[in-house]
Structures are given as structure tokens and as C-alpha cells.
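Structure first, then comments.
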């Protein structure tokens, strides 16, 4: 059945494939208008999605030797067979899953044999029948009625075959053999789960023999934007005698109609312009005698001028995300509802741009981004990152092996063509990308030239020029921007933005690696984007965590990542790196991006005069949103007022005197909330787009003391303990060996029954991956406190226990040394004061503070600090200062791989209670706190969220500070400004047990 094998031949990408064309589904005259939600509602389309008979083989040889290909089990199309118990689930980042021996692939090459019947009810020899596969990984052979039809590869490209001479009236049979590996595998080494199968739609189109095959639409604007031209050109046709072009405006009114020519220019006066803020679409109809092709057209013009990125004459910034096709239950299969959910969250998160990492999406996606308004950088299905792992870890000297190898020229150019030609008429695509992490060489030079020849109306992106051989001269003229991934803000400014020779706009195709508790350095990047016109924006890595859902536990999904499926090679949880969970529940990092991208922003403030900037590109602020001011006074009372806006043009700033609109007497702070004026693309009226806060004076919360300042204090000692009683109701017991508070007895109720601990360890975040071993080697993980000596000092108001301590571990010198003093005051307040020096030869600290263990019943939490999300030195722009309430159970977010989460910095008051008893923490200076039912040991050692078991304790951590979060899982090292690297630590706070 397989007379010729093409999947190990770099010169053969396809057999019998029709020439590539613009994507469309032709309708018949008189049928309802085409829309993506009903795209197959035409007699011209026979959808082959659904149940196919399926057999899995461990190798191609096993398939060839298996004579009994009977119809047995079924498999849904589209799907990936790995999620149905066939083959192995494998996640890899850079490594190739097969030996690097191009064009050859392993003899044990898993394959899937698909077959099904289909019916053509109205077969007509006067029509042609075209079989379409929108996505198959990685290569496939296809037969109709036992006749070989063709072969194709490029997983994320449309393959179309003419089957007119092979189908018949009534029942027909189709067979498809899908191979897991082909020579294309060397060009598809993307960071993702490596699935296989028919994962996008399959259908047959009935085509009139007199028809349009391919066409191109371009739009151009006059300098004053008052006139537009829509150029329509038929680029390929079949037996075409006549064609009619009709154009309708967004209201459904006819603009113009013309017949009889192969190309036409529509002149549109006072056009409605398409942008992400107002994605209005015209409708173009191309009519022949028997077919109607519908194309939505957004009138917009893309240009690069003066190192800036322009849409419709306005310099814009790309506030983007990288977006894989990934779903925890369906893998590569993305439905309309999947896309819609993601686009809805992106809109609500103030994203305006998407990079289709790292391959083209299905046409359905682009139809939706046209309608809902996103700037799309559409990327070719090319990545050869595995070449840097051939002779060790990340050997970038080998990055250009494939990009500069002429044997791969045909394949690379073919992939670039496949990424552009079907998608060229989608208005939301504003840039083409040649691929990802594939080095640079002559093949990419030719690929860029080919891309420009196919479409010179959109700029070309490619990051890999960084790795070119600097000794060789390469033509870079067809690459229109300087792109980098994961440089530090300092490097960006010094190397690019401050460079007077910069001759192209600068963009981050990947940054702020959002793995686990992250990202922590977003604000620094956004500051540079707003400061420099030539910094046109970036795309966060990445949108969603990649993980496979394998079940449920306690109502929560169980997610698995690399290494959980017995893979020989894998890259662990490196795929769990998105700003939303796999099931699209937003991470806290999602709200960081939303806040950084808010459309109105406070840029300066002096007393009650503030300056706001309209970050919108095309809409005056007052027509889009309003400002709601929430004023909190020093007593905690709140009032809400609206701040009027007027004549607030895009990209301009206005000064507003708050005292004209709010009561400034006894003010603590004011929060400016920017809210939508009307329902608009997935967001309802009054939807909050972002906020800013001005703090004039923090509120001071007064403690209520149960004891008087005259209460008697009694101190007793044993060999190991110091017992301090305050009156008859409170007893504190301290340990002489480690300076801990060992127990607290209040009104005969035990509040603390385990020793407090002096902590410098945190459960390592994914962004701590490169420093955590240094921390562990330096003894931070299991550090203990050793008391050298102590003294008891009494005066009229308190008893002070002064411990001279060192924080030590085996084989290393003390990390911290100095004094911790417990001040037991007659009013019942317990003050803790640290005065410590640090060994500066040791790495910076993860954290420093005190840990308390309380009964599990202490569940209710109130605090005055930064919330409602976790907050760290470099992560927390989505937060604001206020009174917040939560529970220990709900504090923070538990990540798929457990790690530090749930801390809140800039706090001055915490109350944790069981509904009766309370522990209150206060300080004149801000501190950070965290509380959880999971021990540091669990959070450090457990590798999956579902492995965590809530303990019978409540852990409360009061921290002087923590080091920042950063994005060092893949990005730059943590900025020194956010490292807990103090030589001297002075920290004091009060504990009250009520």
C-alpha cells in the first residue's frame, strides 16, 4: 500500500498537493452569509470530523506487515492519539526527541492508521472535489477508495488535494496513515508536548469548475485618513469567465459593486478604520456563476517609520502574549469555544497583541482576531532549537547548523510560504515571523526574501539574526525589526535603546517568563516601553500553562507535566509557564499584565494635582472610560466620586486637581479606578480596566490592651526554658537553646504549642531555579538558631529576654549573627526585635523573618497592606493598599508545582483568628507576611499540587522582607535591587494574643 516513502526526503515536502491559496470556504449562491461560527453550513462542504476507525502501530514496519487492517477501535478527529492511551506523552523544550540524523527518523516510528466512510449524495462530474486537512502532526499519506492521493507534511499547514477523479456517487472510503516522525521533525522542535495525529478539521470542498482559486486583498489609506483604497486581485483562477466584486460597510450597506474584471480597487470615503480598539469590518463578496466567497476586510495600514510601529498613522505599542495551541484535555485541538475563552481573557487583561508561538493557527483563530480586535504576529512552523543540545547544554555555536545548510532550503522556504499564503487576507495579522529559535544563515535570508515577495505590506520579524556568523555578510534588509528574548531591562537600554545607530524598532518576542510564581520584573520592562518610541513592545512568555489533566481530586483538576509519563527525555515542569492555568483560571501574574497595560495611567503627582496619560491609540479617553475615585480617610471611612474627563485625546496627558472633586480632609489614600463606559468586546459596562493609588498617609490601627500597664510580670527559669507570666491570664515560654517562643497560654487556652522559628528559607519558586542550589549549599534550607548567651532585663514597663544568636548549619559558617530580643510588656504585648549581621560571602537570602505554628482552627485573616494578590518587592503592581480579608486556605495561589506563594509586603497590621482567639501582628514599619496550612517542607519537596496535604496547623510567617521574584527561570538574574542582600538587619514588630 505504501509504494513510495517520502517522509525521509528533504526535497519532497508534498506529493500531489494543490497550489496554496488564500483560505476561504466557498458558498453557493443563495445560501446564508458565511460566518466562522457556521463555517461549514454550505452544500459545498462535507465535514469529515467525527469518529474514525483507528489502529496504532509502534513502527512503520509493524504497519506494513500488518495485513489485517480491520475496522476496530474508533478515535475522534480532530484529536491527538497520545491522550487516548496510544504512544507516550512527552514534553520537551529544546532536545530533539529522536537522534539527530537528518533526514532519517527512527525505524520505530509510531504511526496511526485512520479510516472511515463518507458519502457524496450529489456527485457531479461538472464539479471538482478538494480534500482539506488543516493540521496533521507530523506527516501523512492519504488514499481514497484504495487509490493513493498524496503525501504532505508541515504539521500546522493546510494541505489540499484534488480528489475529483477518485470519488464517486454515494459511499466512499478514505484512509490516512499519520507518522509521528518525518524529516519535518527536525524543523518542528518547539517547546511543547509532542503529540501526534489529525488535530485540526478535515473536510471536502465541492468546487465549481469555473471559479476563483486564489485572491489577495490589500488596503491603503490617504495621508489624512479620510480616504481608503481596497485593492482586490484574483491571483489564480480556473476557467473563469466573469467575476463580480461587492463591498459592504460595517452597517451592511453596499459601498460598491463591479463586474467583469480580475482585479478591482474600491475607493472608500470617510472609511471606518480597523484597530484593536475598534475592530470594524467591511464585507467583500467575490461572486462567480456558482460560488460566493466572503472575506471580512478591516481597513488598516501597517508601516514602520522612524523606528516605530504604526497602525493607521499612529505609533502603537504591542502589549502581547505568546500563544500556543494547548488544552489540558484535548492537547493541540483548539475549538471555537477554546479560542473564544482565551481571547475573552486577553481582552479583559488589556492585551492587544498575540504572537502565534510557534506556528500558524487554524484559520478560525484569525477570523476571530479580525472580529474581536488583536494585532497578530503570525509565525511560520519552524524551530530547530535542538541543534544547540547536540554537543552539550546550550551550545549556541551550533545554532546555525540547519539555517545555513542548503539541504534544508526547500523545506524552510516551503514552510514560510505555507504560513503566509493561506492567511494573507486577515486584517488582524500585522506582522509575519519566520520562525523561532532556529539560528540564522542563508536559508533564512532566502526565506525572508520570499516572505517579502509574497507580502510587502507587513513587516517581517525574526529573532534569530542574533546568532548569525558575524564574520559573514548576510542581507538583513527584509527583516524589519530587532528582536530579542529575555534580556534584562538594563541590557535593552544600554545595548539597543541608547544606541544612536539603532535603525529598526526594537521588540521583545519573549520576555517576563511566567513560570510559577511570576513574573517579578514586569514593571521595569514596561517603563522602558513607555520611555522609548523605538521600543515597540513585547510578548510575554506565555499565555497558558501546558499540562495534561489526568483526573480530579477534591473538585480540583490533577495536572501532569514532563517526566510524569515515564519519558526517557523530558524537561520537567518547564512547560508550566503561563499567566493562566491550563484550565484558564488566571494566575496572579495575569493581573500584573492587566495593570501594566491599563489604558489610563497616573504618570506624576504633586500633592492633589495629578497627571494622567491616555494610553489608548485612537479613542479619546472620555468616550471610552470614566474615572471613579475611592477616598479612604484616616478613620477607614470611604467615599466614592467620579472624576470627569473631557477632550482627552490619545497619547496625551492632562492635569487634574483632585481637590476639585474629592474631600481631602483627613485623607489617607485615593484609588483611581478606570472603568468602561459601555459594553465592549467581552467586557461589560463599568468593567474595571485598571487603577492607580496615591497614598498620602498610612492609617494607624490602634491596639486594645486587655492588661493594664501595672500588671505584674513573673519570670521563672529551668535548665532549658524561661517562663514569663503576665498577670494570671498570659504565659509565655521561651527556649534558651534556640531563642524561640515555645508556647503561649492565654486564659488557659494554648495558642502556640510549637517553637517559633527564625526563617531564611522559602519554598523555591520556579524563578529561583538557578539560585536555589546555592541557597541549599550554604545551609539555608535547614538552618537552625544557636544561642551563645542570654540575659534577662527588667524595668518598669517590661521584661526583656536578650539572646545572642547565630543562625547555623553543618559545614558552613553562621549566616546571620547578633541579637533577638523578646520584650514582654506589662500590657500583654510581645515585641520582637532583631539586630543581626550577615556573612556577605554567602548568597543573598530568600527571606528573613519569624515563623509561628498555630492550631488549624486559626483560619480567618485580616490585614492592612498590599492586596488582594500576593505581593513582593518586584511583583505587585496589581495590588493596592487597603484593609483585606481572606482565609488561610484561600491565601495565595497553589501552583501546579508547589512553591512560595501568598506573601503580602508593605503590611503594618495582621490579625489571624479562629473566630474567638486572635493573634495580632503590628509594626510601625512595614513587613511582609504569609499564612498557609502547608509546611515549608511540603511546599519545598512535593512536586505536584495534588500531592499536598493540608496539615493540622496554621503556619504564620512574619518577614522583614523576601527577595523579589524576577523571571530567572528563563530570563535574567534577579535585579540586585530586589535581592535581600543586606549586611545589617534591624527588624521589630509586636505580637498580641487576644
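Numbering (full-length UniProt numbering), first residue to last: 1 to 994.
C-beta: ideal position from N, C-alpha, C; glycine also.
Note that the coordinates shown come from a computational prediction; the quantities given were computed from them, not determined experimentally.
DSSP bridge partner residues for residue 652 (one or two, in chain order): DSSP output for residue 652 lists no bridge partner at all.
Residues sharing a beta bridge with residue 717, DSSP: 722
Buried versus exposed call for residue 275 [16 or more other C-beta atoms within 10 Å across all chains shown]: buried
Residue 470 to residue 397 span [Cα, whole Å]: 12 Å
Residue 109 versus 500, 59, 144, residue with shortest Cα-Cα distance: 59
Continuous beta strand (DSSP E) stretch holding residue 814: start and end: 812-825
Same chain only: Cβ atoms within 8 Å of residue 591, ignoring 5 sequence neighbours per side: 349, 869, 878
Residue 523 - containing alpha helix (DSSP H), residue span: 522-531
Residue range of the unbroken beta strand (DSSP E) whose run includes residue 141: 139-144
Where residue 867 falls: helix, strand or coil (DSSP): strand
Sub-9 Å separation of residue 113 and residue 57 beta-carbons: Remark: C-beta atoms of residue 113 and residue 57 approach each other more closely than 9 Å.
Residues bridged to residue 192 (per DSSP): 92
Expected contact under 8 Å - CB spacing of residue 789 and residue 813 to nearest Å: Between residue 813 and residue 789 the Cβ distance is about 19 Å, and since that is not below 8 Å, they are no contact.
Candidates 211, 193, 229, of which the one nearest residue 236 by Cα: 211
Any non-hydrogen atom of the ligand COA closer than 8 Å to residue 571 Cβ: In the structure on display, the ligand COA does not appear, and there are no ligands present to speak of.
When 918, 317, 233 are compared against residue 617, the one with the closest alpha-carbon: 317
In DSSP terms, what residue 287 is bridged to: 244, 292
Spatially closest choice to residue 205 from 40, 345, 368, 325, by CA coordinates: With distances taken between CA atoms, residue 205 lies nearest to 40 out of 40, 345, 368, 325.
Beta-carbon proximity check, residue 997 vs residue 504, cutoff 9 Å: Residue 997 lies beyond the residue range present for the chain, which begins at 1 and ends at 994; the question has no answer from this structure.
Cβ-based neighbour list, residue 407, same chain, cut-off 7 Å, excluding 5 preceding and 5 following: 10
Extent of the continuous alpha helix (DSSP H) to which residue 340 belongs: 336-348
Cα-Cα separation, residue 23 to residue 203: 13 Å
Which listed residue (291, 519, 662, 859) has its alpha carbon closest to that of residue 127: 291
Exposed unless 16 or more other CB atoms sit within 10 angstroms - verdict on residue 811: exposed
Beta-carbon proximity check, residue 723 vs residue 732, cutoff 9 Å: yes
Per-residue burial, residue 144 [other beta carbons within 10 Å of its own, 16 or more giving buried]: buried
Identified DSSP bridge partners for residue 353: Bridge pairing for residue 353: 320, 375 [DSSP].
C-beta contact flag for residue 725 and residue 713 at 9 Å: Going by C-beta atoms, residue 725 is nearer than 9 Å to residue 713.
Distance between beta carbons of residue 387 and residue 402, contact taken as under 8 Å: 6 Å
Stretch-stretch touch, CB-based, cutoff 8 Å, three pairs: the segment 328-347 with the segment 679-686: yes
Residue 61 vs residue 107 beta-carbon contact at 9 Å: yes
Neighbourhood of residue 756 by C-beta, 7 Å cutoff - its chain only, sequence neighbours within 5 removed: 740, 741, 850, 851, 852
CA-to-CA distance, residue 763 to residue 910, given in whole angstroms: 22 Å
Terminal residues of the beta strand (DSSP E) in which residue 466 lies: No beta strand (DSSP E) contains residue 466, which DSSP labels as neither H nor E.
Whether residue 199 touches residue 337 by CB criterion (9 Å): no
Reduced DSSP category for residue 577 - H, G, I as helix; E, B as strand; rest coil: coil
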